[in-house]
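Q: The structure that follows is given in the form of structure tokens.
Residue numbers (this note's numbering), protein chains in the order written: chain E, 341 to 551; chain B, 3 to 312.
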């Protein structure tokens, strides 16, 4: 009897320790590299700040270069479709393509506008968090000359090509994807995808034509 | 001998049950941690490692879940018709008076003057932060406000320069709206206050309480210099408006400016409140079982490291 119980006991301890070892090994293997993400954010963030604080560039140049950064490092297609919320399902391919194009232009103009007063800002990258869905959150702050800081959260995922892609940037709680989705929602309810496209077309259509 | 054998058997059984219990607990924790991963993995095996129509090169992950899109927290706005009227009046007032004055202020006054005004107005809020920090059970915030106030009084010419920030004592404004949140008060419904703009019930109460927490109020009342309060309020309005011109220009271009202001204000305000309560962070950490790596370095430090490595 004692031998049996002792055997089961030893067996159980063996199982527990194996499971824990496997869990640690699995976490390590499946966690994307946070240091890689932080370096990525440093590089992209610095590129954005250098661009937006470069007063020698014309507005058109700033917009063009900011668009290049978005295309290189942001998953604009995913972000654009996310902002449509549940209306994404009903949108036709043509509507989606048109909306993605206009959303990109609207984002470029919005960010170049909002940060045009910035001077000598410095990006400081903080901690990185790996979520269980393998997306990564990198926290950073933009140190302003006035003494006020902007907290910037970057949400990333690793693509099949092993490149990191940004799918959300949150500046002091205001997200490129999530806040925009909330903003667009009432218009989508009222006028549908066509209504939103037609609004963006009126405001940014001419710029989209130059793309 | 039999007694010893029985005792040993019971002891082993007890330890066995204890280990089994620990194993079950650990197992459930692991299951909690791994559920989203397993679901993603199973999605991959069943649905798509292949490219989807809206995802050219990404691994499959649920952006809705990643951004908590279904848990965004609606903004209660039962008095929307009334708020829209106040919003429209504010817009007219802004267009004919506040915005033009702010633009003139921004264009006419040198940058260092504008920074001094902004710095001085912030300096006046430090005593309010000191009190709210204590009420929020965050003595560090109060201590920071106290040292900033003292330092800027002496080395910042009574707050005209924010020398404390250059010294590494960064701004950390606390208000009574956050204090109420730290005691568990919800934000209530959305409101638009005449001249002030977007707010909610909790922050409106906070605004009133902060007004009475302000030592300048008691100084002005006791010395019969109420004009000081009007000048301060006017300066604060123009200073804030001048710094928000680019953002409001952008919000005004949105499909529905009322909604854009409402959403932008609320997201920003929830973020500021969360900095004090950490409720969202706790919820997300619990939900995702996040693994955090504290790696505090700056760009400068990083480039320094690179230099050393090279």
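All residues carry an ideal CB built from backbone N, CA and C; glycine is no exception.
These numbers come from a predicted model, not from an experiment.
Under DSSP, the alpha helix (DSSP H) around residue 146 of chain B begins and ends at which residues?
A: Walking along the second chain from the start, residue 146 of chain B turns up at place 144. From DSSP, the alpha helix (DSSP H) with residue 146 of chain B extends over 141-157.
Q: Hey, how far is the Cα of residue 397 of chain E from the Cα of residue 403 of chain E?
A: The residue labelled residue 397 of chain E in the question sits at position 57 within the first chain. The residue labelled residue 403 of chain E in the question sits at position 63 within the first chain. Cα-Cα distance, rounded: 10 Å.
Q: So, is the C-beta of residue 183 of chain B closer than 8 Å to a C-beta in chain E?
A: Here residue 183 of chain B refers to the residue found at position 181 of the second chain. Taking Cβ atoms only, chain E never reaches closer than 8 Å to residue 183 of chain B, which makes this a no.
Q: Could you tell me whether the region 491-504 of chain E touches the region 473-483 of chain E, where touching means 3 or more Cβ pairs closer than 8 Å?
A: yes
Q: With 16 as the cutoff for other CB atoms within 10 Å, does residue 44 of chain B come out buried or exposed?
A: In the second chain, residue 44 of chain B corresponds to position 42, counting from 1. For residue 44 of chain B, the pLDDT reaches just 33, beneath the cut-off of 50, and the residue's location in the model is therefore unreliable, although a value from the coordinates is still provided. Its Cβ having fewer than 16 others within 10 Å, residue 44 of chain B is exposed.
Q: Of all Cβ atoms in chain E, is any one closer than 8 Å to the Cβ of residue 131 of chain B?
A: Within the second chain, the letter at position 129 stands for residue 131 of chain B. False, the Cβ-Cβ gap to chain E never drops below 8 Å.
Q: Tell me whether the beta-carbon of residue 278 of chain B lies closer than 8 Å to the beta-carbon of residue 183 of chain B.
A: Position 276 of the second chain, counted from the first residue, corresponds to residue 278 of chain B. Position 181 of the second chain, counted from the first residue, corresponds to residue 183 of chain B. Contact: yes.
Q: Out of B:85, B:176, B:155, B:122, state which residue places its alpha-carbon closest to the alpha-carbon of residue 139 of chain B.
A: Counting from 1 along the second chain, the entry for residue 139 of chain B is found at position 137. With distances taken between Cα atoms, residue 139 of chain B lies closest to B:176.
Q: Nearest-angstrom Cα distance between residue 510 of chain E and residue 225 of chain B?
A: What you label residue 510 of chain E is simply residue 170 of the first chain in a count that begins at 1. What you label residue 225 of chain B is simply residue 223 of the second chain in a count that begins at 1. Distance between the alpha carbons of residue 510 of chain E and residue 225 of chain B is about 46 Å.
Q: Just how far apart, CA to CA, sit residue 210 of chain B and residue 178 of chain B?
A: If you number the second chain from 1, residue 210 of chain B lands on position 208. If you number the second chain from 1, residue 178 of chain B lands on position 176. Taking the straight line joining both Cα atoms gives about 9 Å.
Q: Between the C-alpha atoms of residue 187 of chain B and residue 260 of chain B, what's the straight-line distance to the nearest angstrom?
A: For the purposes of this step, residue 187 of chain B is taken as residue 185 along the second chain, with counting starting at 1. For the purposes of this step, residue 260 of chain B is taken as residue 258 along the second chain, with counting starting at 1. The alpha-carbon atoms of residue 187 of chain B and residue 260 of chain B are separated by roughly 25 Å.
Q: Along the chain, where does the beta strand (DSSP E) containing residue 482 of chain E start, and where does it finish?
A: The sequence position of residue 482 of chain E within the first chain is 142, counting from 1. Residue 482 of chain E -> beta strand (DSSP E) spans 476-483.
Q: Which chain E residues are close to residue 255 of chain B, counting only those with a beta carbon under 7 Å from its beta carbon?
A: In the second chain, the residue the question calls residue 255 of chain B occupies position 253. What residue 255 of chain B touches in chain E: 543.
Q: Contact between the region 142-150 of chain B and the region 190-200 of chain B: three or more CB pairs below 8 Å?
A: With a cut-off of 8 Å, the region 190-200 of chain B and the region 142-150 of chain B do not count as touching, because too few Cβ pairs lie within range.
Q: Using only the alpha-carbon positions, how far apart do residue 448 of chain E and residue 442 of chain E sit?
A: Taking the first residue of the first chain as position 1, residue 448 of chain E is located at position 108. Taking the first residue of the first chain as position 1, residue 442 of chain E is located at position 102. About 10 Å.
Q: Which residues does DSSP pair with residue 463 of chain E in a beta bridge?
A: Reading the first chain from its first residue, position 123 is the one you call residue 463 of chain E. Note: residue 463 of chain E sits in a beta bridge opposite E:482.
Q: Can you look up residue 398 of chain E in the DSSP assignment and give me helix, strand or coil?
A: Numbered from its first residue, the first chain carries residue 398 of chain E at position 58. Residue 398 of chain E falls in the coil class under three-state DSSP.
Q: Okay, do the region 199-218 of chain B and the region 122-131 of chain B touch, 3+ Cβ pairs below 8 Å being the bar?
A: yes
Q: With burial defined as no fewer than 16 other Cβ atoms inside 10 Å of the residue's Cβ, what is the status of residue 109 of chain B: buried or exposed?
A: Reading the second chain from its first residue, position 107 is the one you call residue 109 of chain B. In the assembly as shown, residue 109 of chain B is an exposed residue. Its beta-carbon has fewer than 16 other beta-carbons within 10 Å.
Q: Taking the beta strand (DSSP E) that residue 200 of chain B belongs to, which residues open and close that run?
A: Along the second chain, one-based indexing puts residue 200 of chain B at 198. That run of the beta strand (DSSP E) goes 199-202.
Q: Here's the rule I'm using: 16 or more other beta-carbon atoms within 10 Å means buried, otherwise exposed. How should residue 235 of chain B be labelled?
A: Looking up residue 235 of chain B in the second chain gives position 233. Residue 235 of chain B is exposed by the Cβ-count criterion.
Q: For residue 126 of chain B, which residues in chain E fall below 9 Å Cβ to Cβ?
A: In the second chain, the residue the question calls residue 126 of chain B occupies position 124. What residue 126 of chain B touches in chain E: nothing, since even the nearest Cβ is about 15 Å away.
Q: Go through its chain and collect everything with a Cβ distance to residue 460 of chain E's Cβ below 8 Å, but skip five positions before and after it.
A: One-based indexing of the first chain puts residue 460 of chain E at position 120. The residues are 393, 485.
Q: Can we say the region 373-391 of chain E touches the region 404-415 of chain E, given the rule of at least three CB pairs closer than 8 Å?
A: yes
Q: Just to confirm, is the Cβ distance from residue 69 of chain B to residue 518 of chain E under 8 Å?
A: For the purposes of this step, residue 69 of chain B is taken as the residue at position 67 of the second chain. For the purposes of this step, residue 518 of chain E is taken as the residue at position 178 of the first chain. The Cβ-Cβ distance between residue 69 of chain B and residue 518 of chain E falls below 8 Å.
Q: Closest by CA to residue 76 of chain B, which one among B:269, B:94, B:274, B:104?
A: On the second chain, position 74 is the one that residue 76 of chain B refers to. Ranking the options by Cα distance to residue 76 of chain B, first place goes to B:269.
Q: For residue 532 of chain E, would you say it is in contact with chain B, using Cβ-to-Cβ distances shorter than 8 Å as the test?
A: Translated into positions along the first chain, residue 532 of chain E becomes position 192. So, not an interface residue.
Q: Rounded to the nearest angstrom, what separates residue 102 of chain B and residue 450 of chain E at their Cα positions?
A: In the second chain, the residue the question calls residue 102 of chain B occupies position 100. In the first chain, the residue the question calls residue 450 of chain E occupies position 110. If I take the Cα positions, the gap works out to 22 Å.
Q: Are the beta-carbon atoms of residue 444 of chain E and residue 416 of chain E separated by less than 8 Å?
A: Here residue 444 of chain E refers to the residue found at position 104 when the first chain is read from its first residue. Here residue 416 of chain E refers to the residue found at position 76 when the first chain is read from its first residue. The answer is yes: Cβ separation under 8 Å.
Q: Quickly, what does DSSP pair residue 414 of chain E with across the bridge? List them, please.
A: Locating residue 414 of chain E in the first chain gives position 74, counting from the first residue. In the DSSP output, where bridge partners are listed per residue, residue 414 of chain E has E:506.
Q: Quick check on residue 496 of chain E: does DSSP put it in helix, strand or coil?
A: For the purposes of this step, residue 496 of chain E is taken as the residue at position 156 of the first chain. In the structure shown, residue 496 of chain E sits in a strand (DSSP, three-state: E or B).
Q: Under 8 Å, do residue 422 of chain E and residue 537 of chain E count as touching if we go by C-beta distance?
A: Within the first chain, numbered from 1, the residue matching residue 422 of chain E stands at position 82. Within the first chain, numbered from 1, the residue matching residue 537 of chain E stands at position 197. No, these two residues do not count as a Cβ contact at 8 Å.
Q: Are there 16 or more other CB atoms within 10 angstroms of the CB of residue 91 of chain B, so buried, or fewer, so exposed?
A: Walking along the second chain from the start, residue 91 of chain B turns up at place 89. When all chains shown are included, residue 91 of chain B counts as exposed.
Q: Using 8 Å as the limit for Cβ to Cβ distance, is residue 27 of chain B near chain E?
A: Taking the second chain and counting its residues from 1, one reaches residue 27 of chain B at position 25. At residue 27 of chain B, the pLDDT of 38 sits below 50, so the modelled position is not reliable and the matter cannot be decided from this model.
Q: Output yes if chain B places a C-beta closer than 8 Å to the C-beta of residue 387 of chain E; else output no.
A: For the purposes of this step, residue 387 of chain E is identified with residue 47 of the first chain, where counting begins at 1. Not a single C-beta of chain B is nearer than 8 Å to the C-beta of residue 387 of chain E.
Q: If distances are taken between C-alpha atoms only, which option among B:272, B:255, B:280, B:245 comes closest to residue 116 of chain B?
A: What you label residue 116 of chain B is simply residue 114 of the second chain in a count that begins at 1. Residue nearest to residue 116 of chain B within the set B:272, B:255, B:280, B:245 is B:245 (criterion: CA-CA distance).
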